[in-house]
Amino acid sequence: NSVSFLESKLGAATVGSLSALEERVLACEKRGTAQAAQIQDLQEFQTKVDVTLSQFSREFEQLQSTLAGLDTAIQQVNSTADAGTAQVQAQREHVEEVRTELLSGADRLKDELLARLQETSNKLSQEFRS
1 NSVSFLESKL GAATVGSLSA LEERVLACEK RGTAQAAQIQ DLQEFQTKVD
51 VTLSQFSREF EQLQSTLAGL DTAIQQVNST ADAGTAQVQA QREHVEEVRT
101 ELLSGADRLK DELLARLQET SNKLSQEFRS
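Numbering (my numbering), first residue to last: 1 to 130.
Listed below in structure tokens is the structure:
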């Protein structure tokens, strides 16, 4: 009788243990399913991050290429401006030379005209006196 009592107690304990064990297994499965969903979410997020980084990388390379092109254009503009400045300076110098020559020529012409006027005036005075 005590053996059957022990068997019934042991059976009840075993059933209780199995029931508690099943609950723990179910809880672990639920946690595993939740963790798998989290892992999948993280993997999807990582994929989005990788795609975004790839796009940023391409855009950055394009920006660097554009900046290099701008640097080249700026250098060309500066070079052209330097050449233009040199050309303008040369033209200024030429204009100044021509101006100086014209002023010198005008002074000579003025002196020559004054001399002729004086000569003509002297001739007229002499003729008038005679």
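All C-beta atoms, glycine included, are put in the ideal place defined by N, C-alpha and C.
Discussion item. For a test of the three-state rule: what should DSSP assign to S130, helix, strand or coil?
Written reply: Shown here, S130 sits in coil according to DSSP, grouped into three states, outside any helix or strand.
Fill in: Whole-angstrom distance between A86 and V98, CA atom to CA atom
CA-to-CA, the gap between V98 and A86 works out to about 18 Å.
Worksheet item: Quick one: what's got a C-beta closer than 7 Å to A81's C-beta in the same chain, skipping five residues either side?
Response: Within the same chain, no Cβ atom closer than 7 Å to the Cβ of A81 is found once the five residues on either side in sequence are excluded.
Worksheet item: Which runs of the alpha helix (DSSP H) spanning at least 4 residues fall entirely within the stretch 38–126, listed in chain order?
Response: The alpha helix (DSSP H) runs of length 4 or more contained entirely in the stretch 38–126 do not exist; there are none.
Item to complete: Have a look at L63 and D71 and give me their C-alpha separation to the nearest angstrom.
Response: In a straight line, the C-alpha of L63 is about 12 Å away from that of D71.
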